[in-house]
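Data first, discussion second: the structure below is written as structure tokens.
There are 2 protein chains.
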Amino acid sequence: MAEIRRVEVLENLLKANDYLAAQLRQEWDEGKTYVVNLMSSPGGGKTALLEATLPRLADRYRLLVLEGDIETERDAERIRALQVEALQITTGGTCHLESHMIEQAWRLVRDGPRPHFVFIENVGNLVCPASYILGEHLRAVLMSVPEGDDKVLKYPKVFRNSQALLITKADLLPYVDFDPQRVWEEARGLQPQLSHWIVSARTGEGIDDWVRFLQEQRDEAFPPG
Amino acid sequence: MAEIRRVEVLENLLKANDYLAAQLRQEWDEGKTYVVNLMSSPGGGKTALLEATLPRLADRYRLLVLEGDIETERDAERIRALQVEALQITTGGTCHLESHMIEQAWRLVRDGPRPHFVFIENVGNLVCPASYILGEHLRAVLMSVPEGDDKVLKYPKVFRNSQALLITKADLLPYVDFDPQRVWEEARGLQPQLSHWIVSARTGEGIDDWVRFLQEQRDEAFPPG
Numbered sequence: 120m121a122e123i124r125r126v127e128v129l130e131n132l133l134k135a136n137d138y139l140a141a142q143l144r145q146e147w148d149e150g151k152t153y154v155v156n157l158m159s160s161p162g163g164g165k166t167a168l169l170e171a172t173l174p175r176l177a178d179r180y181r182l183l184v185l186e187g188d189i190e191t192e193r194d195a196e197r198i199r200a201l202q203v204e205a206l207q208i209t210t211g212g213t214c215h216l217e218s219h220m221i222e223q224a225w226r227l228v229r230d231g232p233r234p235h236f237v238f239i240e241n242v243g244n245l246v247c248p249a250s251y252i253l254g255e256h257l258r259a260v261l262m263s264v265p266e267g268d269d270k271v272l273k274y275p276k277v278f279r280n281s282q283a284l285l286i287t288k289a290d291l292l293p294y295v296d297f298d299p300q301r302v303w304e305e306a307r308g309l310q311p312q313l314s315h316w317i318v319s320a321r322t323g324e325g326i327d328d329w330v331r332f333l334q335e336q337r338d339e340a341f342p343p344g
Numbered sequence: 120m121a122e123i124r125r126v127e128v129l130e131n132l133l134k135a136n137d138y139l140a141a142q143l144r145q146e147w148d149e150g151k152t153y154v155v156n157l158m159s160s161p162g163g164g165k166t167a168l169l170e171a172t173l174p175r176l177a178d179r180y181r182l183l184v185l186e187g188d189i190e191t192e193r194d195a196e197r198i199r200a201l202q203v204e205a206l207q208i209t210t211g212g213t214c215h216l217e218s219h220m221i222e223q224a225w226r227l228v229r230d231g232p233r234p235h236f237v238f239i240e241n242v243g244n245l246v247c248p249a250s251y252i253l254g255e256h257l258r259a260v261l262m263s264v265p266e267g268d269d270k271v272l273k274y275p276k277v278f279r280n281s282q283a284l285l286i287t288k289a290d291l292l293p294y295v296d297f298d299p300q301r302v303w304e305e306a307r308g309l310q311p312q313l314s315h316w317i318v319s320a321r322t323g324e325g326i327d328d329w330v331r332f333l334q335e336q337r338d339e340a341f342p343p344g
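For the record, the sequence lines run as chains A and B.
Those letters in the first sequence? Residues 120 to 344, per the working numbering, in order.
Those letters in the second sequence? Residues 120 to 344, per the working numbering, in order.
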């Protein structure tokens, strides 16, 4: 009689995206790679935030950036100009990153020395990226001052699903009507644990605090020593 | 013998969205209602453009605004403050408008006096709205100065599928690096027939030209007299 072969099926069947994300997360945890997923509208300041953040980490940490865009390598080129490794993921029309895209990029580098931080710059979109976990440790949503202070309740999911909120382009505050307090209150109404900063990549305002937070979060996830 | 009943099937089977959009377009053409679909990133300035545009049309034309948002009635309330009729379409998570949503809103008003202009404010998203026609006569994409001048080739579809491009928030030009010429050239490389303006809802710059264009387009679609 032929041997009966069993395939154990997970009780909680995850969607393919979440299943792959969990595999990535396990691999990142084993390699002590802390992964941050940055989400915002187009022009919300994700690349500029990275341009301000990466040089403040580069002397202590190995860094990798995964750049999600529908088309072009423009953002990856800006990161490479900082002497930081960047892989461009062009989605070819898809309006968000999914974990299989991350996996395909990660595959190119997983056999080399493991980075201490990976920053994933999602496609510019305040809606759909909120629905796709990528195995990240931290989800950060950026909202730029010129977008206006009425956006939280209009696009609630990304705020509900994030742990960090950065109000960007603070240098434009003198020129537009924008009440940061309104944004904090509406966002924390959706997600009481949300940490938040007001930053300007141009002037450097708030960037050191944000970078310190990233280091603390990584130390908490992977206690040193 | 029973009569053989035939259903003629259209040779070119349209997707449900396009089929409904074609029906809406026919009804709008019959009623001489000119329909404009406004698309941009969140905070791209769609509502502010309407706040500047509608008062310049209100003395000559009957106006209707269909406001697309994921949640809240905030934009519709801004339009109603101008004494212009506005219907809010809350998509409940969907990141773009589809023609069946437009049809459901239009059904509420189609038996009244037909508007001369309908403005559809799409969900704030530079990606997905580009894939859904809504029966509109004119597709206008807005890009705000603080979003940055590198967005056209990163989000090409919405520029390729539009007839009008408005660079908004021109009053912020002194405070950011933004080259309108770069945007025009990249956009017209994708869509040579694109008409374009640079506008500021705050100062009024460019708004009269844009409003004149709208009137000319409507006169061309529905010749007066």
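Beta carbons: idealized from backbone N, C-alpha and C, even for Gly.
Nothing here was measured: the structure is a model prediction, and the numbers come from that model.
Going along chain A in order, which residues have a C-beta closer than 8 Å to the C-beta of residue i?
| i | result |
| --- | --- |
| arginine 193 of chain B | Asp269, Leu272, Lys273 |
Here's the rule: buried if 16 or more other CB atoms are within 10 angstroms of the residue's CB, otherwise exposed. What is residue i?
| i | result |
| --- | --- |
| threonine 287 of chain B | buried |
| proline 234 of chain A | buried |
| glutamate 255 of chain A | buried |
| threonine 322 of chain A | exposed |
| alanine 200 of chain A | exposed |
| proline 161 of chain A | buried |
| glycine 344 of chain A | exposed |
| tyrosine 138 of chain A | exposed |
| glycine 135 of chain A | Rather than glycine, the amino acid found at residue 135 of chain A in this sequence is alanine. By the 10 Å Cβ count, alanine 135 of chain A comes out exposed. |
| glutamate 266 of chain A | buried |
| proline 275 of chain A | buried |
| aspartate 338 of chain A | exposed |
| glycine 231 of chain B | exposed |
| arginine 258 of chain B | buried |
| aspartate 296 of chain B | exposed |
| aspartate 328 of chain B | exposed |
| tryptophan 225 of chain B | buried |
So residue i contacts chain B; which residues on that side make the cut at Cβ distance below 7 Å?
| i | result |
| --- | --- |
| isoleucine 189 of chain A | Val246, Lys273, Tyr274 |
With respect to 7 Å, is the separation between the Cβ of residue i and the closest non-hydrogen atom of the ligand GDP below this value?
| i | result |
| --- | --- |
| glutamate 186 of chain B | This structure does not include the ligand GDP; it has no bound ligands of any sort. |
For a contact defined as C-beta to C-beta under 9 Å, what are the partners of residue i on chain A?
| i | result |
| --- | --- |
| glycine 254 of chain B | Ordered by position in chain A, no residue passes the 9 Å Cβ test against glycine 254 of chain B, which lies about 23 Å from the chain. |
| leucine 291 of chain B | Pro265, Leu291, Tyr294, Val295 |
| glycine 243 of chain B | Ser160, Leu245, Val246, Glu266, Lys270, Lys273, Tyr274 |
Skipping 5 residues on each side, what residues in its chain have a beta carbon closer than 7 Å to that of residue i?
| i | result |
| --- | --- |
| asparagine 241 of chain B | Asn156, Leu157, Met158, Gly187, His215, Leu216, Pro248 |
| leucine 227 of chain B | Leu206 |
| threonine 152 of chain B | Arg233, Pro234, His235, Val237 |
| aspartate 298 of chain A | Asp268 |
| alanine 340 of chain A | Tyr153, His256 |
| arginine 301 of chain B | Asp268 |
| threonine 166 of chain A | Asp194, Arg197, Glu240 |
Tell me which same chain residues have a C-beta within less than 8 Å of the C-beta of residue i, skipping the five on either side of it?
| i | result |
| --- | --- |
| glutamine 142 of chain B | Glu222, Gly254 |
| serine 314 of chain A | Gln282, Ala283, Leu284, Phe332 |
| glutamate 149 of chain A | none |
| glutamate 170 of chain A | Arg197, Ile198, Leu201, Ala320 |
| isoleucine 189 of chain B | Thr209, Thr210, Gly211, Gly212, Thr213, Cys214, Val242 |
Identify, in the order they occur along the chain, each residue of the same chain with its Cβ nearer than 6 Å to the Cβ of residue i, setting aside the five sequence neighbours on each side.
| i | result |
| --- | --- |
| glycine 211 of chain B | none |
| methionine 220 of chain B | Ile208 |
| serine 319 of chain B | Ala289, Asp290 |
| serine 263 of chain A | Gly163, Gly164, Thr287, Lys288 |
| glutamate 195 of chain B | Note on residue identity: the sequence assigns alanine, not glutamate, to residue 195 of chain B. Answer for alanine 195 of chain B: Glu186, Ala205, Gln207, listed in chain order. |
| arginine 144 of chain A | Gly254 |
| serine 250 of chain B | none |
| glutamate 192 of chain B | Gln207 |
For a contact defined as C-beta to C-beta under 7 Å, what are the partners of residue i on chain A?
| i | result |
| --- | --- |
| glutamate 266 of chain B | Pro161, Gly162 |
| lysine 288 of chain B | Pro265 |
Taking 8 Å as the threshold, find out whether the region 274 to 282 of chain A comes into contact with the region 171 to 179 of chain A through three or more Cβ pairs.
-> At 8 Å Cβ cutoff, the stretches do not touch.
Please give the ranges of any beta strand (DSSP E) in the region 155 to 238 of chain B, keeping only runs that are unbroken, at least 3 residues long and fully inside the region. 182 to 188, 204 to 209
**Asked** Unbroken alpha helix (DSSP H) runs of length 4 or more, entirely within the region 287 to 342 of chain B: which are they?
**Response** 299 to 309, 326 to 340
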